[in-house]
């Protein structure tokens, strides 16, 4: 008898052994078995065997289950996942329980045998052969001690930064005193700025008008010098320097003795503005309220640092609240530019911690499209640390008043170098909006935003900002040193915003030369006060 199976496996033929042509033909059920099914079945089992082999090999290498058979290990690894269960942790429950218990400062205070490093801890554990409970207790003590030391170090860092950034360096104090003395004794230091024949240019809109508000003579001199030296047509540049009463004499003396011809320099104190000396001025009222709110910090920096319950970030914010710049009239004056310069149509406002590295006259060619404030956005750019600021970076969106009125993802912009269309500004209620939100912040105990004038500026100028090219304003040189010298040199204006101002000892040494190159260190006032390039 012979047996023949058709290639499709659909027919089986049985032939008699004596050559008889008779045969039995059996038809097999269609599509029960096929080569394709056979191929896929073999492929599946081949993959499964390789998978089991890899798992068993890894299990042998790990050595976690020396008595675990291949099938057993496979069940342990795959079973819980198939059944939707979480694989049980090998960490004893007692370790979790002990580490979750709160640790007070007294628990580790005064202990001298707590391991100081991970190496000491591991050495002690190996020698003592401790159980899981002892291991967890010792680990908790070490972590608690390190957390306390980290907190103390962080608070000390904030305190030192506060002192370094808030104090007036003795060199700058010396410079102001020497210039004030020169102002009293030398008629050449009391020149009218500008001279009488140039006064009409102060209200002439055919000139390029810049405004600088500062009580720092050295910083103002760098801004003015860098502005004029990089100008293609300096004879068309007018710089209006606004200062306070105490700095007026030193500022006038410096620019009288160090003219920047052919540019026109005006030095004017706030008390000399008629508008500011008549009636109630919102900026002065805001400062009085601001001072009353800050009276809660009367204990000074020592009392703030001594608080053992608050987080370091909260302490840093309170220290920042003590900074003199937040109670300075110079910090708020830009919101009243239309009133201070009623005859001007457009100005560029400059902070005193910037350096100009290019001609700024092309800023007047920018079409503002009816907007008031030309500024650089700070939510996009190559530097993700500096250029990642949105409204949520400055405003407190956990407060319902902020959450109801603003979008947390709205792109922020920067003060420091801004084009202000004063003609368009006078048609808006920007200044009133600014002071309305300052009042709301006072009512909320300063809980609507971080300190400074940028947060209320973001609110007041909302919908009135024209974005300009980032070339005109590079930020962050005062609080991070990631910016390379080559990148900084390629920007039109660089801004040392942050605590590490270039005139302080805490300035970043690789970036300070960009600022210092505009100072003549051979000048008798600079040299006499021991102001150095580095």
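Numbering (the numbering used here), first residue to last: 6 to 539.
Ideal Cβ positions, reconstructed from N, Cα and C, are used throughout, including at glycine.
Remember, predicted model here, so these are calculated numbers, not experimental data.
Asked: Residue 450 to residue 347 span [Cα, whole Å]; Found: 34 Å
Asked: For residue 459 and residue 483, the rounded distance between their alpha carbons; Found: 16 Å
Asked: Residue range of the unbroken beta strand (DSSP E) whose run includes residue 548; Found: Here the chain covers residues 6 to 539 and nothing more, so residue 548 does not appear.
Asked: Neighbourhood of residue 540 by C-beta distance below 7 Å, restricted to the same chain and skipping five residues each side; Found: As shown, the chain starts at 6 and ends at 539. That puts residue 540 outside it, with no answer to give.
Asked: Length of the line joining the Cα atoms of residue 403 and residue 339; Found: 29 Å
Asked: Which of helix, strand or coil DSSP assigns to residue 569; Found: The requested residue 569 does not occur in the structure, where the chain is confined to residues 6 to 539.
Asked: Host beta strand (DSSP E) of residue 351 (start-end); Found: 351-355
Asked: Burial state of residue 480 (16 or more Cβ within 10 Å); Found: buried
Asked: Identified DSSP bridge partners for residue 395; Found: 416
Asked: Inter-residue spacing [alpha-carbon to alpha-carbon] between residue 501 and residue 183; Found: 26 Å
Asked: Residue 270 beta carbon less than 8 Å from that of residue 278; Found: no
Asked: Contacting residues, own chain, Cβ-Cβ under 8 Å from residue 343 (five flanking each side not counted); Found: 427, 430, 431, 436
Asked: C-beta contact flag for residue 365 and residue 352 at 8 Å; Found: no
Asked: Buried or exposed (CB count within 10 angstroms, at least 16 for buried), residue 356; Found: buried
Asked: For residue 421, the three-state DSSP class (helix, strand or coil); Found: coil
Asked: Per DSSP, the bridge partner or partners of residue 218; Found: 247
Asked: Helix, strand or coil at residue 478 according to DSSP, with G and I counted as helix; Found: coil
Asked: Cβ contact (3+ pairs, closer than 8 Å) linking the stretch 227-246 and the stretch 370-378; Found: no
Asked: Inter-residue CB distance, residue 217 and residue 173 (contact presumed, cutoff 8 Å); Found: Going by Cβ atoms, the distance from residue 217 to residue 173 rounds to 19 Å, so no, they are not a contact pair.
Asked: CB of residue 535 within 8 Å of CB of residue 176, strictly; Found: yes
Asked: Sheet register partners of residue 499 (DSSP bridge); Found: 360, 479
Asked: C-alpha gap between residue 268 and residue 189, whole angstroms; Found: 26 Å
Asked: Nearest-angstrom beta carbon gap, residue 134 and residue 103 [assumed within contact, 8 Å]; Found: Wrong, their Cβ atoms sit about 18 Å apart, outside the cutoff.
Asked: Rounded separation between residue 258 and residue 209 - CA only; Found: 25 Å
Asked: Per DSSP, cross-strand counterpart(s) of residue 225; Found: Answer by DSSP bridge pairing: none, since residue 225 is not bridged.
Asked: Coarse secondary structure for residue 259, derived from DSSP in three states; Found: helix
Asked: Cβ neighbours of residue 466 in the same chain (closer than 7 Å, five flanking residues each side left out); Found: 377, 378, 435
Asked: Segment limits, alpha helix (DSSP H) that includes residue 100; Found: 98-105
Asked: For residue 71, the three-state DSSP class (helix, strand or coil); Found: Confidence at residue 71 is low in this model, with a pLDDT of 48, below 50, so the placement of that residue should be treated as unreliable; the coordinate-derived value is given next. Three-state result, residue 71: coil.
Asked: Alpha carbon of residue 214 to alpha carbon of residue 206, nearest angstrom; Found: 9 Å
Asked: Cβ shell of residue 538 (< 7 Å), same chain only, five flanking positions each side left out; Found: 521, 526
Asked: Segment limits, beta strand (DSSP E) that includes residue 236; Found: Neither: residue 236 is in no beta strand (DSSP E) and is coded neither H nor E.
Asked: Residue 126 versus 151, 368, 410, residue with shortest Cα-Cα distance; Found: 151
Asked: Cut-off 7 Å between Cβ atoms - residues of its own chain near residue 497, not counting five sequence neighbours on either side; Found: 362, 363, 476, 477
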